[in-house]
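Take a look at the structure below.
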Amino acid sequence: MQEKTYTFFQNVYDVVRQIPEGRVTSYGAIAKYLGMARSSRMVGYAMNAAHELPDVPAHRVVNRNGLLTGKHHFSTPFEMQQLLEKEGVEVKDDQVLNFKQLSWNPTEELKL
DNA sequence: CCTTTGACTCACT
DNA sequence: CAGTGAGCCAAAG
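Using the working numbering, you'd call the opening residue of the first sequence number 13 and step up by one each time.
Structural data, given as structure tokens:
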């Protein structure tokens, strides 16, 4: 087994894959859960490669303000918003409504 | 091997 | 109260 093969990216994918439908999380939350709260940028960077992974709902990952900062990286800037609304998440002006209410913290949910 | 970037976040002005 | 700047860390070139 190539356990060492697991990199920061793989770790991020694993967490993002566990995001329940209709829920959203922030890069910092994932980074913090991984023990790298200061590497929040790396989370987004990892998502960039996650584009090829069908099990990684990058559209459920937004910045800590609930703003769809990464929408511009999708096929179309509307794709991210459409996917979120499709799951029941209201998005207005590229911002997730009730983000604080829908925010899913892996540190509290996945934390033992 | 060293340099640059990047879907963020915090802090100061 | 709002905007701009610097910091951080890891992967790709």
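Where is the CB? At the ideal position from N, CA and C, for every residue including glycine.
- Taking one beta carbon from each stretch, the segment 72 to 86 and the segment 19 to 34 have 3 or more pairs nearer than 8 angstroms; the two touch.
- In the three-state reduction of the DSSP assignment, residue 51 falls in the helix class.
- As computed with DSSP, residue 104 is found in a beta bridge with 107.
- For residue 81, the three-state secondary structure derived from DSSP is helix.
- According to the DSSP secondary-structure assignment, residue 37 is paired through a beta bridge with 73.
- According to DSSP, residue 115 shares a beta bridge with 36.
- When DSSP states are grouped into helix, strand and coil, residue 18 belongs to the coil group.
- Per DSSP, the unbroken alpha helix (DSSP H) holding residue 97 starts and ends at 91 to 98.
- Assigned with DSSP and collapsed to three states, residue 26 falls in helix.
- For residue 31, the secondary structure class from DSSP, reduced to helix, strand or coil, is coil.
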